[in-house]
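S.K.: Position in the sequence shown counted from 1, then plus 14, gives you the working numbering.
Let me begin by handing over the structure; questions about it come next.
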Amino acid sequence: MSDATTILQQAHVRAESSHLAYQGALTPAEAAVLLAALPNVKLVDVRTHAEWQFVGFVPESEMIEWKTYPKMETNPHFLASLQAAVDPDAVVMFLCRTGARSHDAAALASANGYSQAFNILEGFEGDKNTAGQRGQVNGWKAAGLPWTQG
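See below:
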């Protein structure tokens, strides 16, 4: 059994045990392995344009805002943008700052024909440290995974 298959199975078990409305929940490190190992995989970053520009982003990710900056209103074009950018048969992994918006995006995708929708736990920046700063405790950046400044 490949690492990718094991990761997908573990992510699915996490989703079932938490009664999630999508296929699975991945750690950032697991998501990075899948990006490297699977030919039909997409990472969709659902943070805002401001976050991509000022905080950074994962290279080659699809960037579709879940909520639009600065009012943080739900993007009414999210699903249409997703459908235009990502094949519904693909393994699609959603990423946000901490895992909350990406949870909602994965649930919406799953309800609209994306049978392999996954949330990336911890998000890009993860939890705050004792000084109130993100990006050091957990998440994509803290795991030392590839990203670039906007």
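Ideal Cβ placement from N, Cα and C applies to all residues, glycine included.
Would you kindly work out how many angstroms separate the C-alpha atoms of Gln23 and Val69, rounded to a whole number?
M.R.: Their backbone Cα atoms lie some 31 Å apart in a straight line.
S.K.: Would you give the residue range spanned by the alpha helix (DSSP H) that Ile134 belongs to?
M.R.: Not the alpha helix (DSSP H): Ile134 falls in the beta strand (DSSP E), residues Ala131 to Ile134.
S.K.: For Val151, write down the residues that DSSP places opposite it in a beta bridge.
M.R.: Paired residue(s): none; Val151 is not in a bridge.
S.K.: Would the beta-carbon of Gly153 fall within 8 Å of that of Glu136?
M.R.: yes
S.K.: Using three-state DSSP, classify Asp17 as helix, strand or coil.
M.R.: helix
S.K.: Thinking C-beta only, is Gln37 closer than 8 Å to Ser116?
M.R.: no
S.K.: So what does DSSP say about Glu139, is it helix, strand or coil?
M.R.: coil
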